[in-house]
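Student: Take the sequence shown: its position 228, counted from the start at 1, is 227 in the working numbering, and no numbers get skipped.
Idealized CB from N, CA, C, for every residue including glycine.
Nothing here was measured: the structure is a model prediction, and the numbers come from that model.
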Amino acid sequence: MKITVIGAGYVGLVTGACFAEMGNPVVCLDASEDKTAMLNRGEIPIYEPGLGRLVEHNSSAGRLSFTTSYQEAVPAADVIFICVGTPMGEDGAADLGQVFLAAEEIGRHAEGYTVVVTKSTVPVGTTARVGEIVREEIRKRGSAALADLANNPEFLKEGSAISDFMSPDRVVVGVEKDRAREIMHRLYAPFLRTDDRVITMSIPSSELTKYASNTMLATRISLMNELSLLAEKVGADIELVRQGIASDRRIGKYFLYAGAGYGGSCFPKDISALIRTGAEAGLEMRIAHAVHEVNIHQKRVIADKVIRFFGGSVRGKKIAVWGLAFKPETDDVRDAPAIEVVRTLRGEGATLSLHDPVARATAEKALGTVAVTYHADSYDALTGADALVVMTEWKEYRSPDWERIRSLLSTPAVFDGRNLFDPGELMERGIRYFGIGHGESI
0 MKITVIGAGY VGLVTGACFA EMGNPVVCLD ASEDKTAMLN RGEIPIYEPG
50 LGRLVEHNSS AGRLSFTTSY QEAVPAADVI FICVGTPMGE DGAADLGQVF
100 LAAEEIGRHA EGYTVVVTKS TVPVGTTARV GEIVREEIRK RGSAALADLA
150 NNPEFLKEGS AISDFMSPDR VVVGVEKDRA REIMHRLYAP FLRTDDRVIT
200 MSIPSSELTK YASNTMLATR ISLMNELSLL AEKVGADIEL VRQGIASDRR
250 IGKYFLYAGA GYGGSCFPKD ISALIRTGAE AGLEMRIAHA VHEVNIHQKR
300 VIADKVIRFF GGSVRGKKIA VWGLAFKPET DDVRDAPAIE VVRTLRGEGA
350 TLSLHDPVAR ATAEKALGTV AVTYHADSYD ALTGADALVV MTEWKEYRSP
400 DWERIRSLLS TPAVFDGRNL FDPGELMERG IRYFGIGHGE SI
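(1) When the distance is taken between beta carbons, is L351 closer than 8 Å to A370?
(2) With three or more beta-carbon pairs closer than 8 Å as the criterion, would you say the region 286-297 touches the region 108-125?
(3) Would the beta-carbon of S246 be found less than 7 Å away from any heavy atom of the ligand NAP?
(4) For V389, count neighbouring Cβ atoms within 10 angstroms of its own Cβ and tell me buried if that reaches 16, exposed if not.
(5) Does any C-beta atom of chain C lie closer than 8 Å to the C-beta of F190?
(6) What's the C-alpha gap between C265 and S212?
(7) Does the region 95-103 come close enough to the region 125-141 to have 3 or more Cβ pairs within less than 8 Å?
(8) Quick test of your reading: H296 and I274, contact by CB under 8 Å. State the CB separation rounded to the nearest angstrom.
(9) Across which residues does DSSP place W321 in a beta bridge pair?
(10) Whole angstroms is fine: what's the gap from I43's alpha carbon to L50's?
(11) Taking the alpha carbon of E20 as the point to measure from, which residue in E135, L53 and E279 has its own alpha carbon closest?
(12) I'd like the span of the beta strand (DSSP E) that includes F80, first residue to last.
(13) Using 8 Å as the threshold, is the C-beta distance between I430 and R405 below it?
(14) What residue range does the alpha helix (DSSP H) around M426 cover?
(15) Starting from Y112, trace the beta strand (DSSP E) both ways and give me its first and last residue.
(16) Let me know if A358 comes out buried or exposed under the rule of 16 or more other beta-carbons within 10 Å of its beta-carbon.
(17) Report buried or exposed for V340, applying the criterion of at least 16 other Cβ atoms within 10 angstroms of its Cβ.
(18) If you drop the 5 nearest sequence neighbours on each side, which residues of the same chain put their C-beta closer than 6 Å to that of K209?
(19) At what residues does the beta strand (DSSP E) containing T343 begin and finish?
(20) DSSP three-state call for R431: helix, strand or coil?
(21) On a Cα-Cα basis, can you pick out the residue from V4, A245, T14 and G158 that is closest to D29?
(22) Considering just the uninterrupted stretch of the alpha helix (DSSP H) at Y210, what are its terminal residues?
(23) Would you identify the three-state DSSP class for L28, choosing helix, strand or coil?
(24) From what residue to what residue does the alpha helix (DSSP H) around G173 run?
(25) With distances taken between CB atoms, is the gap from A335 to L353 smaller than 8 Å?
(26) What would DSSP say about S159, mapped onto helix, strand or coil?
(27) Taking its Cβ as the centre, do 16 or more other Cβ atoms sit within 10 Å of D195, making it buried, or is it exposed?
Structure follows, in structure tokens:
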């Protein structure tokens, strides 16, 4: 099938490359001429393991191309995926301006029969509005083009997006017509040859499923983070608590690690959008609101520990931070807890010495260069530092040279925002250790 993907960002680029890998001719359309030119040169604007190879392979094979022209990308398409950004607005609602602009352009250029799919994360009712816009634009130009609608939320994890797309846990498809359902099933069949994991439902149900999924995962994280604070108060070890509850098959082991809070492009904005959707429907989303508030508080926990350790002031202190991305295997620093920690400590008068394996450029855009220095080597960031804060669980941080760390730090103190290390081992080496919900408390 001929596929057009509108939006060559994280979701759009992964979607286009993976469909092309299965033999479909795919055109990725993006409004940015710079990004499109970069992609046509074989350069990838985002960091995602395996994505560069996939784009290069399918571009060379002629199955994947990039353009800024709706006239070029829309008329021949059998299926059009809308994968543009839906950032959080000032009121917490999803900004749908790019989605509706894409719908207008589809309606102005569509020919024949097309399935228009919202893959961007959108509130309930958005896909129906997209259909209204597309059909109104078709009507205004007196065209005989026909468009059916579908919603197909993405469940990609940054750092493993290719494997998530190529071998999905499930594919959720919301449709209103049988013809669209059949096309969507046929499109995903090559990814699901051993087990049909397509779950078909109404479009509103599909739209809500995405928000429900992210809110459930974020709820588990925030609950464990809140329990970690209680563990510190009562002398319990949150890691042992986690093991105790994760062994219950009704609960399971995933998303139960206490830490410095969640970030990234999905959880913060999706939970805010769900809260806003509830308010518009006259319903207070109390659990979702609590999840959001707990996460805001949790992002300050490590910074507060550092400040208390130094007697209530970090003015004049140099703090090393390992890890700036919100999670490993990505350069995404959007709403990353590490960014909040750096900003808080800098605001209290500290200077920061920073390292991240891939997120230096994106972090520098977020933080600038005032009172911060960036290092290519993680140990270089420690020279003369008064303490080390670890904020992202990159593999290269998991087994560090503790003797070297102890020799480089002015004060042998480690603040572990991801509970990566064994408190007992560090204390035996003469290093003060402060984790989340276990280790030494302040």
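Tutor: Walking through what the data contain:
(1) Yes, the pair counts as a contact, with Cβ atoms nearer than the cut-off.
(2) No, the region 286-297 is not in contact with the region 108-125.
(3) What this structure holds is no ligand at all, so the ligand NAP is not there to describe.
(4) By the neighbour-count criterion, in which 16 or more other beta carbons inside 10 Å mark a residue as buried, V389 falls on the buried side.
(5) This model lacks chain C altogether; it includes just one protein chain.
(6) Each residue's alpha carbon lies about 11 Å from the other.
(7) Yes: at least three Cβ pairs fall under 8 Å.
(8) H296 to I274, Cβ: 16 Å. No contact.
(9) By DSSP's assignment, W321 forms a beta bridge with H354 and V389.
(10) Cα to Cα, I43 sits roughly 8 Å from L50.
(11) Of the residues E135, L53 and E279, the one whose Cα lies closest to the Cα of E20 is L53.
(12) Going by DSSP, F80 is part of the beta strand (DSSP E) stretching over V78 to I81.
(13) Less than 8 Å separates the beta-carbon of I430 from that of R405.
(14) Taken as a continuous stretch (DSSP letters only), the alpha helix (DSSP H) holding M426 covers P422 to E427.
(15) Residues Y112 to T117.
(16) With 16 or more other Cβ atoms within 10 Å, it is buried.
(17) Taking all protein chains shown into account, V340 has 16 or more neighbouring C-beta atoms within 10 Å of its C-beta and is therefore buried.
(18) These residues qualify, in order along the chain: T120 and P152.
(19) Not the beta strand (DSSP E): T343 falls in the alpha helix (DSSP H), residues P336 to G346.
(20) Looking at R431 - three-state DSSP - the assignment turns out to be strand.
(21) The alpha carbon of D29 has as its nearest neighbour, out of V4, A245, T14 and G158, the alpha carbon of V4.
(22) Its alpha helix (DSSP H) spans residues I202 to V233.
(23) DSSP places L28 in strand when its eight states are reduced to three.
(24) Premise fails: G173 lies in the beta strand (DSSP E), V170 to V174, not in any alpha helix (DSSP H).
(25) Contact: no.
(26) S159: coil per DSSP, three-state reduction.
(27) Result: exposed.
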